[in-house]
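*Asks:* Residue numbers (this note's numbering), protein chains in the order written: chain G, 6 to 243; chain H, 6 to 243.
Here's what the structure looks like:
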C-alpha cells in the first residue's frame with residue numbers, strides 16, 4: 006500500500022519561495038493551437054476575458070480569425086505557425102491524432118517558449134472512454150521529446166468545454182493540475198490558471214507523471230454520465 | 006482534444022435510480038487485508054468508529070489482534086484467510102509487492118465477496134514517485150483476473166494514512182473514486198465510504214480505467230511535497 010503521505014515524508018528539497026508566490030503574467034501573450042476547437046475556444050475566451058492577450062491558431066488563418074471575432078475580448082486569430090511565433094506561452098489544445106505531427110512542424114517557432122500541453126489521449130468504444138498510452142508515456146512527454154528547445158508543461162486537462170464556453174458561467178470551479186520539469190515554467194502556467202475566476206493552478210509533479218492526469222478524463226466522463234454533471238477536480242488541504 | 010463533456014453527450018444508458026440512492030450497508034462486516042499497515046489501520050479505525058463491524062487481517066493473527074486492540078471500536082483481528090472468509094466486503098490494503106500472491110491464495114475465501122482494491126503500484130527514485138504499470142493494466146485488474154468469482158471494485162486510493170489515523174481529525178475531506186463493473190457492488194462501496202464523516206463515494210468508471218486513479222497518488226505525493234499538505238480530491242459539480 007502506498008499512501009500519499011507515507012512517501013512524502015522523506016526526500017525533496019524545500020523550495021526557497023512559498024508555492025503560492027507566483028509571477029505576474031498579465032503582460033504575456035498566450036497562443037492557443039487548436040484554438041478553434043471547443044476546449045481551445047473556451048480557454049481563449051476565459052483568458053482573454055481575464056485581460057490576457059490571446060491569439061488562437063488554426064490550420065486556416067481565416068477560420069481562426071472568424072472564431073476570434075466571435076470570442077471578442079481582443080482575441081486575434083492566425084495560422085498555427087504565426088500563433089506559435091508571436092506568443093510567449095503556447096497552449097496545445099489539438100486532437101491527439103494530430104498532436105505529434107503539428108508539434109514537430111512547429112519546433113522552430115516553439116523554441117524557447119513555454120508550451121502547455123492539455124491533450125488527453127483517449128479511445129472510445131461502446132463502454133465509453135479509455136486511456137491510450139502514447140509510446141513516449143503521455144502526450145506531454147511526446148511534446149517534450151519533439152520540442153527539446155521548448156519549456157514543456159502539462160495543464161488544463163480536466164476542463165469542461167461546455168462550462169468554459171458558457172457566457173452565463175462566471176466562475177470555473179476547478180483546480181488545474183500543472184506538471185513540468187522547470188519551476189519557473191510551471192509557476193507561470195499556475196499563474197495563468199489563477200487569472201481565470203474560480204480556477205487555481207496547483208503544481209502536481211513531473212512530466213513522467215502526466216499520463217494519469219491526462220487519462221483521468223476517462224473517469225470524469227464516467228462521472229459525467231452517471232451524475233449528469235460537468236465534473237472537475239479540487240485538491241483538498243492546499 | 007478530448008474534453009470530459011464532449012464525449013459524454015452521446016452514449017450511455019440512463020440509470021433507473023438516482024446515483025445517490027445507495028443501499029444500507031450498516032449491517033455488513035468489513036474485512037481489511039493488510040489491516041496492520043498504516044492505510045489499513047486508518048480505514049479500519051474510521052469505519053469502525055462509524056459503527057461498521059470491522060476485522061483486520063494480517064499474516065499473523067497475533068499481530069492483527071494486537072493492532073485491533075489498539076484501534077478499539079470493536080475491531081477484531083485475525084489472519085488474512087479468516088478475515089476474508091468472515092467478511093462481506095474485503096478491502097485489500099497490502100503493499101503492491103505482495104498483492105498478486107496474497108489474492109491468489111485467498112481465491113476460495115473471497116469467492117462471492119465484494120473485494121475493494123485500494124493498492125497503488127508505485128516506484129520511487131530520487132525524483133520522487135512514479136507509476137508502475139501492472140501487466141494486467143492496474144492492481145484492480147490484476148485482482149479481477151485472479152479472483153474471477155469475486156465482485157472486484159477499486160476505491161480508497163487517495164487517502165492520507167496520517168489523517169485517517171489521527172484521532173484529533175473528525176472529518177476526512179475527500180471524495181473516494183469508486184470503480185467497478187457491477188452497479189450493486191460499486192453502490193455498496195460508495196455507501197461504505199459515505200459512512201465516514203466528510204468522505205463521499207463517487208462512481209468513477211470501469212476497472213479498465215483504474216490505472217490512472219491508482220497512479221494519481223504519485224501526483225498527490227508531489228502536491229504534498231510542494232505544499233506541505235495531506236492532499237485529497239474533491240469532484241466538483243456532483
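Glycine included, each C-beta is placed from N, C-alpha and C at the ideal position.
Please read these numbers as outputs of a predicted model, since none were measured by experiment.
(1) Exposed or buried, what is residue 45 of chain G when buried is set at 16 or more other beta-carbons lying within 10 Å of its beta-carbon?
(2) Quick check on DSSP: helix, strand or coil for residue 147 of chain G?
(3) Kindly indicate which three-state DSSP category residue 164 of chain G falls into: helix, strand or coil?
(4) Which residue wins for smallest C-alpha separation from residue 98 of chain H, given the options H:90, H:114, H:126?
(5) Measuring alpha carbon to alpha carbon, tell me which of H:231, H:107, H:158, H:215 ends up nearest residue 118 of chain H.
(6) Which partner residues of residue 177 of chain H appear in the DSSP bridge assignment?
(7) On the DSSP bridge assignment, give the partners of residue 130 of chain H in chain order.
(8) Leaving out the 5 sequence neighbours to the left and right, which residues in its chain are closer than 7 Å to residue 192 of chain G when beta-carbon positions are compared?
(9) Quick one: list the residues of chain G neighbouring residue 61 of chain H, beta-carbon separation under 8 Å, in chain order.
(10) Name the two residues that bound the continuous beta strand (DSSP E) containing residue 36 of chain H.
(11) Going by beta carbon distance, what residues of the same chain come within less than 7 Å of residue 105 of chain H, once the five residues before and after it are set aside?
(12) Can you name the start and end residues of the beta strand (DSSP E) that residue 157 of chain G belongs to?
(13) Would a C-beta distance cut-off of 8 Å place residue 209 of chain H and residue 182 of chain H closer than the cut-off?
(14) State the Cα-Cα distance for the pair residue 94 of chain G and residue 101 of chain G, rounded to the nearest angstrom.
(15) Give the range of the beta strand (DSSP E) segment to which residue 83 of chain G is assigned.
(16) Taking residue 209 of chain H as the query, report the chain G residues whose CB atoms sit under 7 Å from its CB, ordered along the chain.
(17) Residue 136 of chain G CB to nearest chain H CB: under 8 Å?
(18) Does the segment 160-174 of chain H come close enough to the segment 219-230 of chain H that 3 or more CB-CB pairs lie under 8 Å?
(19) Could you tell me which of G:57, G:56, G:144 sits nearest to residue 107 of chain G, measuring between CA atoms?
(20) Please report the distance separating the alpha-carbon of residue 43 of chain H from that of residue 172 of chain G.
(21) Evaluate the contact criterion for the segment 232-239 of chain G versus the segment 32-40 of chain G: three or more CB pairs, one atom per stretch, below 8 Å.
(22) Taking just the CA atoms, how far does residue 206 of chain G sit from residue 203 of chain H?
(23) Alpha carbons only, please: which of G:89, G:136, G:61, G:51 is nearest the one belonging to residue 217 of chain G?
(24) Run through the segment 44-118 of chain G for me and flag every whole alpha helix (DSSP H) of 4 or more residues, listed as ranges in chain order.
(25) Give me the chain H residues within the contact set of residue 232 of chain G, using Cβ-Cβ distance strictly less than 7 Å, ordered along the chain.
(26) Quick one: Cα of residue 15 of chain G to Cα of residue 175 of chain H, how far?
(27) Would a check of beta-carbon distances place residue 193 of chain H closer than 8 Å to chain G?
(28) With a cut-off of 8 Å, does the C-beta of residue 153 of chain H fall near any C-beta of chain G?
(29) What distance in whole Å lies between the Cβ atoms of residue 9 of chain G and residue 177 of chain H, which are believed to be in contact at a cut-off of 8 Å?
(30) List, in chain order, every chain G residue whose beta-carbon is nearer than 7 Å to that of residue 85 of chain H.
(31) Leaving out the 5 sequence neighbours to the left and right, which residues in its chain are closer than 8 Å to residue 66 of chain H when beta-carbon positions are compared?
(32) Can you tell me the Cα-Cα spacing of residue 138 of chain G and residue 55 of chain G, whole angstroms?
(33) Which residues mark the beginning and the end of the alpha helix (DSSP H) in which residue 241 of chain H is found?
(34) Which word fits residue 41 of chain G, buried or exposed, when buried means at least 16 other C-beta atoms lie within 10 angstroms of its C-beta?
(35) For my contact list, residue 71 of chain H and residue 61 of chain H are in at a C-beta cut-off of 8 Å; report their separation, rounded to the angstrom.
(36) Give me, in chain order, the residues of the same chain whose beta-carbon lies closer than 7 Å to that of residue 116 of chain G; leave out the 5 immediate sequence neighbours on both sides.
*Replies:* From the atom records:
(1) buried
(2) helix
(3) coil
(4) H:126
(5) H:158
(6) Residue 177 of chain H pairs with nothing; no bridge assigned.
(7) H:133
(8) 27, 28
(9) Correct list: empty, because the minimum Cβ distance to chain G is about 13 Å.
(10) 34-38
(11) 147, 151
(12) 156-159
(13) yes
(14) 20 Å
(15) 81-84
(16) 224, 227, 228
(17) yes
(18) yes
(19) When only C-alpha atoms are compared, the closest one is G:144.
(20) 47 Å
(21) no
(22) 24 Å
(23) G:136
(24) 66-76, 85-91, 101-110, 112-115
(25) The answer, in chain order, is 24, 243.
(26) Only weak support is given to the placement of residue 15 of chain G: the predicted model assigns it a pLDDT of 42, under 50, and the value that follows is read from those uncertain coordinates. Each residue's Cα considered, the two are about 26 Å apart.
(27) The beta carbon of residue 193 of chain H does not come within 8 Å of any beta carbon belonging to chain G, so the residue lies off that interface.
(28) No - not a single Cβ of chain G is within 8 Å of the one on residue 153 of chain H.
(29) Not quite, the Cβ-Cβ distance comes to about 13 Å (not below 8 Å), so this is no contact.
(30) Simply none; closest approach about 14 Å.
(31) 82, 83, 84, 87
(32) 35 Å
(33) Where residue 241 of chain H is concerned, there is no enclosing alpha helix (DSSP H), although the beta strand (DSSP E) it sits in stretches over 237-241.
(34) buried
(35) With 8 Å as the limit, residue 71 of chain H and residue 61 of chain H do not qualify as a contact, their Cβ atoms being about 10 Å apart.
(36) 154, 155
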